[in-house]
Amino acid sequence: MSQAFRLPFRIWASLTIRDRLGLLALVMIPGVLGGAFVTAIGIAVLGPSVLDFLAANLPLVRFFVAATAILLLTVPTAFVLIYLELKVIARMNLRVGPNRVGPLGAAMSVIHGLKVLSKEDFSPSGVDVTVFTLAPVVTFLASVMTLLVIPFAPGIYGQDFNIGLLYFFAMGGLTVLGLLMAGWSSFNKYSLLGGLRSAAQIVSYEIPLTLSVVGVIILTNTMSLNGIVAAQSGSIFDWFVFKQPLAALIFFIAATAEANRTPFDMTEADSEIVAGFATEYSGMRFGFFFFAEYVNVFIVSALCATLFFGGWTAPFNWPWPATLNGFDPYSLGVLGWTAIVLVLIVGGTEVLAPLIRLAGGRSWDMSSTIWMAFAVTIVIGLGALGALGFVAFGWLRGLVWFMAKTYFFVITFVWMRATLPRIRVDQLMGFAWKWLLPASLLNLFVTATAVIILNR
Amino acid sequence: MPTRPSAPRRPNARATSRAERPAPEPVASADDPRIMLDRQLGTLYEPIPPYPTRTEREGEFYSLGDGEMFLNLGPHHPATHGVLRLVLKLSGEQIVDVDPVLGYLHRGVEKICENSDYYHVIDQVDPLEYISSLFQEWPAVLAFEKLMDVQVPRRAEYIRVLSGELLRIASHTLFMGFLALDLGGLTPILYSFIERDEIVEMLAALTGARMLFNYYRIGGVNGDLNHEFMSRLGDWMSRAGKQAEANTALINENEIFVRRTRGAGVLDRATALRFGVTGGNLRASGVPFDLRRAHPYSVYPELEFNIPTRDEGDSLARYLIRVDEIRESIRIIDQCLNNMPDGPIMAKLPRLLRPRPGRAWGAVEGPRGMQGVYAISDGTDQPFRFRIHDPSFVNLQTVPALLPGNLLADTMATVASLDPVMGGIDK
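Those sequence lines, one after another, are chains A and B. Everything in the first sequence is counted per numbering that gives the first Met the number 0, starting at 0 for the first residue and increasing by one. Everything in the second sequence is counted per numbering that gives the first Met the number 0, starting at 0 for the first residue and increasing by one.
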């Protein structure tokens with residue numbers, strides 16, 4: 000490095016802290032002010048035309064917002080699922096599980112995420128670096144893109160394709176490409192075996208998985224997931240699990256294999272091939288695989304709930320007696336609701352603090368009294384607001400039911416992982432081709448025949 | 000400072016450096032990019048030993064056929080029960096040949112024992128079979144007692160049988176958990192550890208240690224039954240049978256577990272006898288050989304128990320034999336508690352032991368098979384020669400006969416069902 004290049008660093012190092020701050024201010028204040036000025040002029044000049052363009056292309060805006068929201072959704076989803084898995088399996092193993100970081104150890108998975116982020120981005124000698132780097136991205140993106148078509152609640156979905164289900168299976172099938180890339184490029188025989196296993200497994204299980212939902216498509220005449228949910232609205236007996244029980248079973252089993260979950264976790268069978276395709280991965284590259292796995296579990300559970308258990312529709316009309324007497328909750332607007340929330344929090348704290356002070360006696364000083372009142376208000380207020388919102392907003396009701404059903408299946412997956420051993424590769428393939436495929440064909444045949452006879 | 004003349008270097012076959020050995024023959028066409036990569040880096044990562052082949056078998060094993068590859072399973076692998084290294088020759092996922100490589104945990108315990116006096120030997124042999132170390136002390140004291148013509152008090156014999164059978168149950172319980180773990184089941188191992196912990200804590204109350212007991216003595220045992228041990232034992236015995244049933248129900252009824260183990264690693268009767276397999280692995284192949292009956296020692300002739308056998312010889316049979324043996328052990332403990340005589344727990348012995356010159360063989364039926372000790376005395380206070388027969392070592396020898404033709408996943412079922420403990424194998 001040349002002497003001239005080093006000079007500014009030397010001068011910087013010789014300055015005191017106060018001088019450094021002064022220098023920074025000297026540079027930053029005009030910079031920030033100038034930047035703000037330029038931005039303001041830019042908005043004033045370009046703003047109207049940009050707004051017009053966005054208004055003219057509202058579906059495009061909607062798509063970008065939805066895609067961003069879904070991309071952001073994956074991270075907390077994975078965190079919640081990892082925490083659930085740690086905690087639920089621990090309880091089933093008669094262990095305590097994480098209990099140090101956050102309340103009941105709830106921040107454990109976040110810490111795991113930070114740990115993975117802070118590790119060295121390392122690729123061993125002999126690997127095909129390009130493919131090795133791309134593989135986790137492919138796997139992660141393929142899982143995330145399938146989230147786009149899932150209807151979370153009435154009106155809350157990424158995109159409503161008329162070929163939604165087909166898109167889902169196409170994108171879901173792409174994950175195997177990432178696993179295969181990882182296994183091939185790692186220059187490790189365990190990885191190679193894991194990658195090949197995943198290819199064989201996912202290709203085999205894709206067929207019964209897809210065939211099992213054809214019965215549902217025949218019954219609803221649509222491949223749009225919104226349409227399938229709409230066809231199940233009504234009573235609990237409109238759910239397809241009652242009309243297509245065999246298909247639901249096949250779908251659940253095949254989806255377990257598709258998500259590489261126990262007992263079908265051939266690809267990363269830790270007692271056989273160490274960690275399968277992920278053996279050579281570390282740091283955030285491994286983190287992407289890890290995230291993708293848990294996002295996959297969520298997606299598969301969500302699809303189970305959507306296709307066979309009514310999606311966001313409520314199994315019964317609950318809470319039945321509570322109505323709003325013709326009051327339109329949307330008439331308050333965002334500002335109105337914000338004002339209500341603020342008034343509730345401040346007012347609740349004001350009311351509760353003296354009461355706590357009186358009841359608690361000397362052990363409560365002023366600050367802890369106020370904090371306690373604030374916390375109690377938040378809990379009560381959130382509960383009350385949640386209940387009000389549940390009654391008032393259809394989308395919130397739908398979201399709650401959808402999440403309840405999805406997490407039921409997530410817990411089932413976790414439960415299976417704690418209970419079942421892993422099956423062998425040849426038994427896995429035999430099961431797919433000898434049992435699941437004929438069963439799904441039978442289901443398809445019976446459904447089609449019934450539809451033809453009943454429609455005649 | 001004058002330099003000492005250096006000792007002449009011994010000729011050593013292993014001294015051949017990596018650079019001198021011939022490059023491996025390419026097995027497929029040179030256009031395959033994967034093969035080209037292998038030629039650059041493969042020599043570094045292949046498990047081929049860095050010296051010329053020494054035996055015919057080694058030469059045959061370390062030459063690849065078409066479409067075959069080596070897989071280096073271990074010594075650091077989640078499912079090899081310690082530091083066992085298996086070099087597998089694979090064709091796809093199918094195993095063509097196996098070469099087990101031992102010695103990663105060799106500590107030279109036999110030689111250490113030859114340099115310790117007779118009392119200290121018991122302490123030295125403890126960490127060999129670290130899962131069930133009483134069964135490593137037992138043959139040693141048995142051999143020494145034969146050398147010295149010591150009559151062990153009956154109460155001491157009963158205490159030995161009692162503690163030994165407790166430890167057998169602990170070992171078998173752990174075996175069941177580890178087998179399930181190697182097949183991918185996460186939970187049974189933790190249930191097993193709870194069961195084992197109760198027994199081990201009980202024995203800690205009796206002996207003062209949880210794993211390396213150092214409890215048996217030449218001519219008796221180190222301490223009498225105490226209150227804490229007896230209360231823990233009574234507490235455990237009241238639910239032992241039920242708990243064993245509950246723990247096995249999680250595994251026995253599991254269709255996946257049964258399918259994974261049935262027909263995996265079939266050890267037929269003739270092969271088992273030819274290899275000298277003992278213990279539950281032999282009884283699972285249909286040979287009702289149990290040292291407690293075949294060559295009775297201690298007070299076993301006075302006790303009633305069955306020797307469970309099975310004819311299948313596969314991993315499932317080896318597992319079920321252990322389950323049956325747990326029941327038999329509970330029966331034996333029950334009888335020990337009923338028949339426990341009063342009296343001393345140690346024979347009168349001099350402070351310094353100097354047996355007459357001679358040789359003795361002591362063997363007991365451990366959880367894994369025949370645990371033997373062969374000791375030669377030359378009249379000093381240290382054994383002249385001390386040799387250990389470890390059942391895991393013999394049982395593990397059958398792996399190359401069991402695995403070929405099976406899938407990679409069967410390696411874990413088979414090796415785990417043979418129940419090796421690497422501490423004893425490598426000595």
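No residue lacks a Cβ here, since even glycine has one placed at the ideal position from N, Cα and C.
query                                                                                                                    : result
Expected contact under 8 Å - CB spacing of residue 134/A and residue 181/A to nearest Å                                  : 4 Å
Chain-ordered neighbours of residue 417/A on chain B, where CB pairs are closer than 8 Å                                 : 185 and 186
Chain A contacts made by the stretch 248-270 of chain B, where a contact means CB separation under 7 Å                   : 253, 255, 256, 258 and 259
Complete alpha helix (DSSP H) runs within the stretch 314-394 of chain A (minimum length 4 residues, chain order)        : 332-359 and 365-391
Euclidean distance between Cα positions of residue 416/A and residue 279/A                                               : 24 Å
Own chain partners of residue 424/A with C-beta closer than 7 Å, once the 5 adjacent residues on each side are dropped   : 196 and 265
Sufficient close CB pairs (3 or more, under 8 Å) joining the stretch 394-414 of chain B to the stretch 89-106 of chain B : yes
Inter-residue spacing [alpha-carbon to alpha-carbon] between residue 351/A and residue 338/A                             : 19 Å
Identified DSSP bridge partners for residue 71/B                                                                         : 86/B
Length of the line joining the Cα atoms of residue 175/A and residue 416/B                                               : 33 Å
Residue of 392/A, 21/A, 344/A and 272/A minimising C-alpha distance to residue 377/A                                     : 344/A
Cβ-heavy atom distance, residue 266/A to the ligand GTP, below 8 Å                                                       : Although the ligand GTP was asked about, the structure shown includes no ligands whatsoever.
Proximity test, Cβ basis, 9 Å: residue 188/A and chain B                                                                 : yes
Distance CB(residue 135/B)-CB(residue 149/B) smaller than 9 Å                                                            : no
Within-9 Å CB hit, residue 411/B to chain A                                                                              : yes
Test item: CB-CB of residue 194/A and residue 139/A under 9 Å                                                            : no
Selection from 87/B, 225/B, 56/B and 328/B that minimises the alpha carbon distance to residue 271/A                     : 87/B
Contact between the stretch 110-127 of chain A and the stretch 158-176 of chain A (3+ Cβ pairs under 8 Å)                : no
Under the three-state DSSP convention, the category residue 233/A falls into                                             : coil
Residue range of the unbroken alpha helix (DSSP H) whose run includes residue 18/A                                       : 16-55
Proximal residues of chain B, C-beta to C-beta of residue 262/A below 8 Å                                                : 183 and 255
Assigned secondary structure, residue 106/A (DSSP; H/G/I helix, E/B strand, else coil)                                   : coil
Proximity of residue 162/B and residue 367/B at Cβ, strictly below 9 Å                                                   : no
Partners in chain B for residue 420/A, counting only beta-carbon separations shorter than 7 Å                            : 179, 182, 183, 184, 253, 255, 256 and 259
Exposure label - residue 95/A; buried when at least 16 CB within 10 Å                                                    : exposed
Distance CB(residue 255/B)-CB(residue 88/A) smaller than 9 Å                                                             : no
Reference residue 358/B, options 321/B, 145/B and 270/B, closest by Cα                                                   : 145/B
is_contact[residue 192/A, chain B] using C-beta, thresh 9 Å                                                              : yes
Endpoints, the alpha helix (DSSP H) within which residue 200/B is located                                                : 187-206
Below-9 Å beta-carbon distance, residue 271/A vs any chain B residue                                                     : yes
Closest residue to residue 444/A among 389/A, 243/A and 254/A (Cα-Cα distance)                                           : 243/A
Assumed close pair residue 253/A, residue 189/A - CB separation to whole angstroms, cut-off 8 Å                          : Wrong, their Cβ atoms sit about 26 Å apart, outside the cutoff.
Three-state secondary structure assigned by DSSP to residue 383/B                                                        : strand
Rounded C-alpha distance that separates residue 117/B from residue 140/B                                                 : 9 Å
Cβ neighbour criterion (16 or more within 10 Å) applied to residue 235/B                                                 : buried
According to DSSP, residues forming a beta bridge with residue 358/B                                                     : 375/B
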